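Numbering (this note's numbering), first residue to last: 23 to 150.
Glycine included, every Cβ here is placed at the ideal spot set by N, Cα and C.
Only a predicted model underlies this, so the values are computations on that prediction, with no experimental measurement involved.
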């Protein structure tokens, strides 16, 4: 199994656990256990739970961006059709981004400074 494959397994498991139990109630021990990997391997890829959470949220946003780009690049849709489909997909995508919403609901959001970067990057991408 390759390094990237192991990393992707950790991100996938963390995505499910963070989405189900939230950031605070999910531990690195649980993630490693469910991934059936050594905890040291998890820390090889991610220096902290926050670092892993950042990766999970970024993955959610990247998936939304891919879907939105496919709408924009669809030559079969009219401008009005593109706009309508884009807005609906964006709303649905953000609603499905459970880990992104986790950061909006946390009282102690100070340690999630990376969220500002993710939001700003997404806003800049949409302006293109």
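Proximity winner among the options, relative to residue i (alpha-carbon distances)
i, options, result
"residue 72", "117, 109 and 46", "46"
"residue 91", "52, 74 and 150", "150"
"residue 123", "99, 107, 108 and 140", "140"
"residue 26", "52, 145, 68 and 50", "68"
"residue 77", "148, 31, 96 and 101", "31"
"residue 23", "38, 59 and 52", "59"
"residue 148", "36, 86 and 43", "86"
Residue i classed as buried or exposed, judged by whether at least 16 other C-beta atoms fall within 10 angstroms
i, result
"residue 54", "buried"
"residue 75", "buried"
"residue 40", "buried"
"residue 135", "exposed"
"residue 146", "exposed"
"residue 64", "buried"
"residue 138", "exposed"
"residue 118", "exposed"
"residue 51", "exposed"
Local conformation of residue i per DSSP, three classes
i, result
"residue 150", "coil"
"residue 144", "helix"
"residue 137", "helix"
"residue 41", "helix"
"residue 52", "helix"
"residue 27", "helix"
CB contact flag (residue i, residue j, <8 Å)
i, j, result
"residue 33", "residue 106", "no"
"residue 56", "residue 144", "no"
"residue 108", "residue 93", "yes"
"residue 37", "residue 121", "yes"
Scan the segment 56 to 129 and note each continuous alpha helix (DSSP H) run of 4 residues or more that stays entirely inside, going in chain order.
61 to 67, 71 to 94, 101 to 118 and 120 to 127
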